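Student: Using the numbering used here, read the sequence shown as starting at 253 and increasing by one per residue. Cβ coordinates follow ideal geometry from the N, Cα and C atoms, glycine included. From a predicted model like this one, the values you see are computed outputs, not experimental measurements. Please find one structure pasted underneath; my questions will follow.
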Amino acid sequence: MNAPLIYAFEDFSLDAEFLMLSRSAEEISLTPKVVETLLALVERHGEIVSKDELMDRVWENAFVEESNLVQNIYVLRKALGETGDGRPMIETLRRRGYRFNGEVRAVEKEKRLTPLANENAAASEPPGGLGGSRSTIFAIGAGALVMVVLIGFAITRMTRSHGDVSAAEEPPLENTLKRLTPDLYSRSP
């Protein structure tokens, strides 16, 4: 099995394994389908890739409209811009498809040690101080948010039910009328 690749072009790098695009070591936030579209073009840089080929590659065994591909290309063009010589990084060739114009270098990634492969990995914390991947941190945050919402719901429900019970236990108020002003039509002796 070949080592996972990183494709480098201009000041971008595309991680084929994790479907991540970065520029000057700063991650560019793109959806996975947009990055898959870019990967399909980068792997065949300099060649024309038809719309049908891209649709089959990115949305394999799914029925989607061509507008999804057009939107992905639009997002990629905004993110990538032009090559060093002023050509668009992704070129449209009418009725034929798209071509990636950047000069691409494929580089094998270094193998990373996983906690299972390294006994000391559990004792050391990765840089950043939180000791976990983004997905783990996201899951913890989402769990905490759910707990806060559930506690708030429980408190609200208890407060409302307690208010109803105490109102039901109090005796009803008697309605009595008392005249506060003198009667102008009555005569006094």
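1. Looking at the strands, I want to know which residues DSSP matches up with Glu343.
2. DSSP three-state label for Leu266, please.
3. How about Ala268 and Arg357: do their beta carbons lie closer than 8 Å?
4. Going along the chain, which unbroken runs of the beta strand (DSSP E) with 3 or more residues stay wholly within the segment 306 to 334?
5. Rounding to the nearest angstrom, what Cα-Cα distance links Tyr350 and Leu290 in this structure?
6. Could you tell me the boundaries of the alpha helix (DSSP H) in which Ala292 lies?
7. Please name the residue in Asp263, Leu293 and Lys303 whose C-alpha comes closest to that of Glu279.
8. May I ask you to list the residues that DSSP assigns as paired with Arg357?
9. What does DSSP give as the partner residue(s) for Leu271 in the beta ladder?
10. Excluding sequence positions up to five away, which residues of its chain have a Cβ less than 8 Å from the Cβ of Val294?
11. Does the Cβ of Ile300 have 16 or more other Cβ atoms within 10 Å, making it buried, or fewer, making it exposed?
Tutor: Taking the definition as stated:
1. Against the sequence shown, residue 343 aligns to sequence position 91. Answer by DSSP bridge pairing, in chain order: Arg351.
2. Taking the first residue of the sequence shown as position 1, residue 266 is located at position 14. Correct three-state label for Leu266: strand.
3. Position 16 of the sequence shown, counting from 1, holds the residue named residue 268. Position 105 of the sequence shown, counting from 1, holds the residue named residue 357. Result no, Cβ atoms of Ala268 and Arg357 do not sit closer than 8 Å.
4. none
5. Mapped onto the sequence shown, residue 350 falls at position 98. Mapped onto the sequence shown, residue 290 falls at position 38. Those two C-alpha atoms are separated by around 11 Å.
6. Translated into the one-based positions of the sequence shown, residue 292 becomes position 40. Segment Pro284 to Glu295, the alpha helix (DSSP H) holding Ala292.
7. To locate residue 279, count along the sequence shown from 1; it is residue 27. Looking at the Cα atoms, Asp263 is the closest of the given residues.
8. For the purposes of this step, residue 357 is taken as residue 105 along the sequence shown, with counting starting at 1. Ala260, per the DSSP bridge assignment.
9. Position 19 of the sequence shown, counted from the first residue, corresponds to residue 271. None; Leu271 has no bridge partner.
10. For this step, residue 294 is matched to residue 42 along the sequence shown. Tyr259, Phe261, Leu266, Phe352, Gly354 and Val356.
11. For the purposes of this step, residue 300 is taken as residue 48 along the sequence shown, with counting starting at 1. Ile300 comes out exposed.
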